[in-house]
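Structure first, commentary second.
Number of protein chains: 2
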Amino acid sequence: MGDEHAAPQPPVRFETHPDKYRHWKLELPAEHGGAVARLVMNVPEDGGLRPGYPLKLNSYDLGVDVELADALQRIRFEHPEVKAVVVTSGKDRIFCSGANIYMLGSSTHAFKVNFCKFTNETRLYLEEMSAESGIPSLCAVNGTASGGGYELAIACDEIVLADDGSTAVSLPEAPLLGVLPGTGGLTRLVDKRKVRRDLADVFSTVAEGVRGKRAVEWGIVDEAPPKAKFDEAVKRRAAAMVARSKRKPFKAVTLPALDAKRSDAGVEYKYVSLAIDRAARTATLTVRAPSSGNQGDGKQPASPAELAAAGAGAWCIRAFRELDDALLDLRINQLDVGVVALKTSGDAAAVVAIDEMLAANKDDGLVREVLLLQRRVLKRLDLTAKSFFALVEPGSCFAGSLLELALAADRVYMLQPDDGEVTLRVSPLNAGAFPMSNGLTRLQSRFLKEPERVSRVLEHTAPIDTQAALDLGLVTFAPDEIDWDDEIRIAFEERASMSPDAMTGMEASLRYGGPETMETKIFGRLTAWQNWIFQRPNAVGERGALTLYGKPERPEFDFRRT
Amino acid sequence: MGDEHAAPQPPVRFETHPDKYRHWKLELPAEHGGAVARLVMNVPEDGGLRPGYPLKLNSYDLGVDVELADALQRIRFEHPEVKAVVVTSGKDRIFCSGANIYMLGSSTHAFKVNFCKFTNETRLYLEEMSAESGIPSLCAVNGTASGGGYELAIACDEIVLADDGSTAVSLPEAPLLGVLPGTGGLTRLVDKRKVRRDLADVFSTVAEGVRGKRAVEWGIVDEAPPKAKFDEAVKRRAAAMVARSKRKPFKAVTLPALDAKRSDAGVEYKYVSLAIDRAARTATLTVRAPSSGNQGDGKQPASPAELAAAGAGAWCIRAFRELDDALLDLRINQLDVGVVALKTSGDAAAVVAIDEMLAANKDDGLVREVLLLQRRVLKRLDLTAKSFFALVEPGSCFAGSLLELALAADRVYMLQPDDGEVTLRVSPLNAGAFPMSNGLTRLQSRFLKEPERVSRVLEHTAPIDTQAALDLGLVTFAPDEIDWDDEIRIAFEERASMSPDAMTGMEASLRYGGPETMETKIFGRLTAWQNWIFQRPNAVGERGALTLYGKPERPEFDFRRT
Chain Z
1 MGDEHAAPQP PVRFETHPDK YRHWKLELPA EHGGAVARLV MNVPEDGGLR PGYPLKLNSY
61 DLGVDVELAD ALQRIRFEHP EVKAVVVTSG KDRIFCSGAN IYMLGSSTHA FKVNFCKFTN
121 ETRLYLEEMS AESGIPSLCA VNGTASGGGY ELAIACDEIV LADDGSTAVS LPEAPLLGVL
181 PGTGGLTRLV DKRKVRRDLA DVFSTVAEGV RGKRAVEWGI VDEAPPKAKF DEAVKRRAAA
241 MVARSKRKPF KAVTLPALDA KRSDAGVEYK YVSLAIDRAA RTATLTVRAP SSGNQGDGKQ
301 PASPAELAAA GAGAWCIRAF RELDDALLDL RINQLDVGVV ALKTSGDAAA VVAIDEMLAA
361 NKDDGLVREV LLLQRRVLKR LDLTAKSFFA LVEPGSCFAG SLLELALAAD RVYMLQPDDG
421 EVTLRVSPLN AGAFPMSNGL TRLQSRFLKE PERVSRVLEH TAPIDTQAAL DLGLVTFAPD
481 EIDWDDEIRI AFEERASMSP DAMTGMEASL RYGGPETMET KIFGRLTAWQ NWIFQRPNAV
541 GERGALTLYG KPERPEFDFR RT
Chain P
1001 MGDEHAAPQP PVRFETHPDK YRHWKLELPA EHGGAVARLV MNVPEDGGLR PGYPLKLNSY
1061 DLGVDVELAD ALQRIRFEHP EVKAVVVTSG KDRIFCSGAN IYMLGSSTHA FKVNFCKFTN
1121 ETRLYLEEMS AESGIPSLCA VNGTASGGGY ELAIACDEIV LADDGSTAVS LPEAPLLGVL
1181 PGTGGLTRLV DKRKVRRDLA DVFSTVAEGV RGKRAVEWGI VDEAPPKAKF DEAVKRRAAA
1241 MVARSKRKPF KAVTLPALDA KRSDAGVEYK YVSLAIDRAA RTATLTVRAP SSGNQGDGKQ
1301 PASPAELAAA GAGAWCIRAF RELDDALLDL RINQLDVGVV ALKTSGDAAA VVAIDEMLAA
1361 NKDDGLVREV LLLQRRVLKR LDLTAKSFFA LVEPGSCFAG SLLELALAAD RVYMLQPDDG
1421 EVTLRVSPLN AGAFPMSNGL TRLQSRFLKE PERVSRVLEH TAPIDTQAAL DLGLVTFAPD
1481 EIDWDDEIRI AFEERASMSP DAMTGMEASL RYGGPETMET KIFGRLTAWQ NWIFQRPNAV
1541 GERGALTLYG KPERPEFDFR RT
């Protein structure tokens, strides 16, 4: 398997632009007056991120999904006129055949798992666009949709399937490959579309899938018009989506390239630094607040109008885009890093001022998108399989939106200074702007036992010193200056020495106390089963089904049930 | 690892009796007048179910847990005077050191997973006794409790820890063994005791654990009196539990041995048959209704008084005890069986009459225990990692409590007869007596999309023929007599040919649509992560932490994070 034989791979980059897309087109057809974005998937066979697997039949790899994620982000910021998304295929008779099997078969376990996590996040972005931004989505399945192809469709609000007597939707992963439809497919079948569990069982075990009438009857698609009436049905549904969209207008914001400076030691962005210590298998991720006043970064926007004028250069957009890129780099390109120090620096008052402006104008169209961007990046942090320890030191700026970094961390270390002050600070955004995947804020997740502590923290609008932070329950340990260096060093060394798998499973369990949502079920339950299966000889062994896919030999299973 | 080297193992039997216990004592101390059951764990080193691992330091294997499960069942039925349970150790200075590591290290993956599932179920029984039967539990931790030892404690309502300056509670699985505290430990920390997530992180990564004062402060135990005051604290809390117990009195019911007839072809009980087809890797599990009238089984009890007189011979107790034993046999001893036909036979009216009596008297102490027994067995069915297809044929008796078997199945095949009738039937017990682990009834889980269908089914008190069952949504497929044999044969052959791992992960996902509970989080999320880790070289490889535990070599990890 990949784990043993894979050569070192070039790093994956997550920045792109519609001008560079090879797999998708982002179209704004005139017939809807620009209110509908058509995302057309047309993957060239030689378009793989890495060599060795032709991307036949609109199958995808990470590179394809990076473009889709970029397109969704650009629809949010650069196309405020868009009120509905239609996802379709640019190929004849094939919508999408899912993740490329040869890519999966030749990937390391860590890459497979991180690939699935990214695609899962992108599918959830489609759902968030509908629920939070007033941009519903329609999947126009104009050819066979199998596996990840159907999983892309089911992430949309509505699915229209062209019924030409042969086109089918299917989840052939279990019967053909011995793995799961792990990009949310099983969960969304029973939890989102609420397909009856026995019908879901049949659908998920019949490799050839189901066609038009049965697919509608079982609730697997919404409508299956004959091919001749397909375009009309898509148009009608897209128009209805536009009509019911609650999207708020705002001036388009262009997202420029981040111009990161990358070296072997890490990545430098304007507001974010990622420093890697390879020998220690640790990293330091620092987010800097904007300089206050009129120097340095210039004045940060004090109103939605100023935010629109500042555009993507505004700290509240740029810093979080940078943080997002750094987290993805950590996940995919820095596999050996086990423990990450989360640091912040700068002027807490500046961050709180920005947060207050955003909170006061949360119904503004652009402000809403900024808050959703920040929310998504913070969720990406929660879902990153590294241990995060926040370090609160003199000069730190864990305030408001940046306080969330500490609240997302597995532990918070805060210096108890001899003199002077080290502080944390809340802003109105800590009260509800950034729910985790489980629907709770990070403060609520922290204080499941004593929910009244949440309001006690939020009332504390002045800077919170170390003793107060301890008393409020915001801090794990508060070493004094004599102990700080040793205690931090030992904590990082110990953590970095532990089994990375045990840490991943432990953190996935401890970070999400309380309620579950479809989102946490996808990342917690479904993903964990898929990861297990991705390790099983029945899938990835020499005679496993994934390994032998497309080869003349039939897989051989160890039939012992666990 | 075990998977390659393990010799065939003798089958595990799940029936036992206090007279045969080697590991536990069930005491009814005079000081509480018989109202408190003391379960005292004192595991002899040579008491392992299989040779090769001395059970040092009150560590346990499956045999130890089989006794605990039996003791809990007997407290329910044979000791109606018991109103609280105290779990403690019979050893000096050690409470329990958890699952035996050498047993885990030498077990096959399938055995490890099934062992953990059974221990998880037993922990949940403690919680169900408290929530549903009015029998709260107290863990008297009179010595070090590590790993599964603390996980046993946290399954009790309250934990008292003897504070002698050295006794600690700990979860050393992650730091020492590279695996998870997978018997509910991580989930219960944050979801039941609601320990703050960062403190839970520290607790779960510090191998030596935490002691008295800190354990109380962090919410890991409830009280940590000095050793001299320990007995007094335990007595005080147990007395308070007795005082608040809402247990209903009833006449004790002795649980006799089931006297199963076992052969290579399967198991024959009075009301249950398990027939194994090894070549096909399938089994048929049949449950028979009692004969009606005064012949055969005699009249089934028509009132709580008659039930008390009939005791454990009553069909409603005996048939479900037999079914429970058969399910455990399937899980642990019949690993190669992938698909199970669920069949029933007999007089539906007799089952409905029994169900109606139970439903009408659900507040009676003994009736309550019978319904809880049935509920637990049906949950065990949901949680069994085999594909279940219910076959509804002429002479079937899928009625009321036995209709739940069909509703628990992954698919329901019902014959569409040429003439004559094949029927299903509901009873009042289908309306709420048997919630699944997710808190929903099986009818509610089936009709997540159209909840109004639940009442439509429940209103249908007459026998439901095939067409009506199809219309109501109770049946997956209804082949006619010409197609039946072929369709069933092909369905079983196909299912039995698929990757058993993919089926296990798929069924775990599709069976539990809708809400999650602590229970589903333990079986879905935590167990899936643990199963993954149990497959990872970092735990079970030649240089893995679990493999090398107790050996002079240190584990070597592949530090790539997934």
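For the record, the sequence lines run as chains Z and P.
Take 1 as the starting number for the first sequence in the numbering used here and just add one per residue.
Take 1001 as the starting number for the second sequence in the numbering used here and just add one per residue.
By construction, the Cβ of each residue, glycine as well, lies at the ideal position given by its N, Cα and C atoms.
Just so it is clear, the structure is predicted and the values come from calculations on it, not from any experiment.
Is it right to say His32(Z) is buried, meaning 16 or more other beta carbons lie within 10 angstroms of its own, or is it exposed? It is buried - the Cβ of His32(Z) has at least 16 other Cβ atoms within 10 Å.
Determine whether the Cβ of Asn294(Z) lies closer than 7 Å to any Cβ atom of chain P. Bear in mind that a pLDDT of 47 at Asn294(Z), under 50, signals an unreliable position, so the model cannot answer this.
Under the three-state DSSP convention, the category Asn294(Z) falls into: Legend: pLDDT at Asn294(Z) = 47, less than 50; position of this residue unreliable, value from coordinates given subsequently. If DSSP states are grouped into helix, strand and coil, Asn294(Z) belongs with coil.
Going by DSSP in three states, Ile1220(P) sits in which element: helix, strand or coil? coil
Per the DSSP calculation, Ser1089(P) is bridged to which residue(s)? The partner list for Ser1089(P) (beta bridge, DSSP) reads Met1041(P).
For Ser1427(P) and Gly1400(P), what's the separation of their Cα atoms in angstroms? Rounded to the nearest angstrom, the two C-alpha atoms are 4 Å apart.
Runs of alpha helix (DSSP H) lying entirely within the segment 55 to 90 of chain Z, each at least 4 residues, in chain order: 62 to 78
Ordered list of alpha helix (DSSP H) runs contained in the segment 339 to 398 of chain Z, each at least 4 residues: 348 to 360, 365 to 382
Counterpart residues of Met1414(P) in DSSP-defined beta bridges: Val1392(P)
Between Gly1365(P) and chain Z, is any beta-carbon pair separated by less than 7 Å? no
Mapping the DSSP letters down to three states, classify Asp480(Z) as helix, strand or coil. Asp480(Z) falls in the strand class under three-state DSSP.
Determine, using beta carbons only, whether Lys1192(P) comes closer than 7 Å to chain Z. no
Could one say the Cβ of Asn1058(P) lies closer than 7 Å to chain Z's Cβ atoms, at least one of them? No - not a single Cβ of chain Z is within 7 Å of the one on Asn1058(P).
For Cys116(Z), which residues does DSSP report across the bridge? In the DSSP output, where bridge partners are listed per residue, Cys116(Z) has none listed.
Assigned exposure category for Lys213(Z) - 16 Cβ within 10 Å defines buried: exposed
Roughly how many whole angstroms lie between the Cα atoms of Arg380(Z) and Glu1556(P)? 30 Å
Assign Arg1278(P) to buried or exposed, taking buried as 16 or more other Cβ atoms, counted over all protein chains shown, within 10 Å of its Cβ. exposed
Is DSSP giving Asp1019(P) helix, strand or coil here? It is helical.
Short-range partners of chain Z found in the segment 1521 to 1539 of chain P, where Cβ spacing is below 8 Å: Lys1521, Gly1524, Arg1525, Leu1526, Ala1528, Trp1529, Gln1530, Asn1531, Trp1532, Ile1533, Gln1535, Arg1536, Asn1538, Ala1539
In the segment 103 to 115 of chain Z, which residues sit with their C-beta less than 8 Å from some C-beta in chain P, listed in chain order? Considering only beta carbons, the part of the segment 103 to 115 of chain Z lying closer than 8 Å to chain P consists of Thr108, His109, Ala110, Val113, Asn114, in chain order.
Measure from the C-beta of Arg1561(P) to each C-beta in chain Z and report whether the shortest distance is under 7 Å. yes
Delimiting residues of the alpha helix (DSSP H) encompassing Ile1332(P): 1315 to 1333
Shorter than 7 Å from the beta carbon of Ser427(Z) to some beta carbon of chain A? Of the chains in the structure shown, none is chain A; the protein chains are Z and P.
Does Gly1178(P) get closer than 7 Å to chain Z when you measure Cβ to Cβ? yes
Those residues which DSSP pairs with Trp24(Z) across a bridge: Met41(Z)
Straight-line Cα distance separating Asp264(Z) from Glu1450(P): 56 Å
Residues in the segment 1381 to 1408 of chain P with C-beta within 7 Å of chain Z's C-beta atoms, listed in sequence order? Ala1385, Lys1386
With a threshold of 7 Å between beta carbons, is Gly1513(P) in contact with chain Z? yes
Which value, in whole angstroms, describes the spacing of the CA atoms of Ile94(Z) and Thr144(Z)? 5 Å
8 Å Cβ cut-off: residues of chain P touching Ser445(Z): Under the 8 Å cutoff, chain P gives Arg1197.
N- and C-terminal bounds of the alpha helix (DSSP H) containing Asp558(Z): Element bounds for Asp558(Z): n/a, residue is neither H nor E.
Beta-carbon proximity list for Gln1295(P), same chain, < 6 Å, skipping 5 on both sides: Model confidence at Gln1295(P) stands at a pLDDT of 49, short of 50, so the residue's coordinates are unreliable and nothing is read from them.
Contact set between the segment 1411 to 1426 of chain P and chain Z, restricted to residues whose Cβ is under 7 Å from the partner: Cβ contacts with chain Z come from Arg1411, Val1412.
Neighbour flag for Leu335(Z) against chain P, beta carbons, 7 Å: yes
7 Å is my cut-off, CB to CB: does Glu1556(P) come that close to chain Z? no
Less than 7 Å separating the beta-carbons of Leu405(Z) and Leu328(Z)? no
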